[in-house]
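Under this note's numbering, the final residue of the sequence shown carries the number 655; numbering is consecutive throughout.
Below you'll find the structure, written out as structure tokens, and then a few comments.
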Amino acid sequence: MAASIDARDRYTSGHSQRVAHWGREIARKIGMSSEKVEEIYVGGILHDIGKIGIEDEILNKKGRLTPEEYDRIKQHTVIGYEIILQAGMFKELLPAIRSHHERIDGKGYPDGLVGDEIPVMAKILAISDAFDAMVADRPYRKGLPVEEALNEIRRGSGTQFDEILAAHFIEIVERLPREELESIISQETQSQKQLQEAIH
């Protein structure tokens, strides 16, 4: 399912897997149970499932989105929530799918949740998602250097991101050997590569 989403946009291929990876690392770092760690990993895999319902011309637009297009993109959280809800499976992942764009200060979407109203799973994936979005190359810009992306996480700590989780994430990334970090950031899974080749 995740590979199908990523395959619609070759520039974001591997995004879901990388978000899942970082989410799992944060969950392990804060001592969550192995069951919860795996839930967060699968939540990362499926967090953007709602993009299936977003039009290609918006999803793959190379320039800046109009306000109307951005509002449409934001609907992927609700679309994904409804897909999983109606499927009757993975219900434990609903918070990851619906709430990974919520902010601690209440300025996120789709529900404007504040602080502890945001499920922990969603708080974790919000950091993972934002970091990968910053460091990944896009057709209209080069990805940010890792240190610059981490500085953005620091600046958003306590407003956009949970302060404690953000600190744990920064520590995880800074402790990784540079080669391993670069490998994670640039990775695409073999299944995604095969799917891309079949489509293109």
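Glycine residues also receive a C-beta, built at the ideal position from the N, C-alpha and C atoms.
Open item on the list: Residues in the same chain with beta-carbon distance under 6 Å from His555, minus the five sequence neighbours each way, listed in chain order, please.
Closed with: Hits under 6 Å: His502, Ala577, Leu580, Ala581, Asp584.
TODO: Pick helix, strand or coil for Phe616, following the three-state DSSP scheme.
DONE: Secondary structure of Phe616 (DSSP, three-state): strand.
Open item on the list: If distances are taken between C-alpha atoms only, which option among Ser459, Met456, Glu494, Ala458 comes closest to Val575?
Closed with: Just measuring C-alpha positions, the residue of Ser459, Met456, Glu494, Ala458 sitting nearest Val575 is Glu494.
Task: Option in Met456, Glu626, Leu520 with minimal Cα separation from Arg609 - done: If we check each option's Cα against that of Arg609, Glu626 comes out closest.
TODO: Starting from the N-terminal side, write out each stretch of the beta strand (DSSP E) that is 3 residues or longer and does not extend beyond the region 516-576.
DONE: Within the region 516-576, no complete beta strand (DSSP E) run reaches 3 residues.
Open item on the list: On the criterion of 16 or more Cβ atoms from any shown chain inside 10 Å, does Leu620 qualify as buried, or is it exposed?
Closed with: Answer is buried; the Cβ neighbour count reaches 16.
Task: Proximity to Ser459 [Cα-Cα], best of Arg483, Ser488, Ile507, Gln642 - done: Scanning Arg483, Ser488, Ile507, Gln642 for the CA closest to the CA of Ser459 turns up Ile507.
TODO: May I have the straight-line CA-CA distance separating Ile528 from Leu514, to the nearest angstrom?
DONE: Rounded to whole angstroms, Ile528 and Leu514 show a C-alpha spacing of 7 Å.
Task: Whole-angstrom distance between Pro632 and Val601, CA atom to CA atom - done: The alpha-carbon of Val601 is positioned some 12 Å away from that of Pro632.
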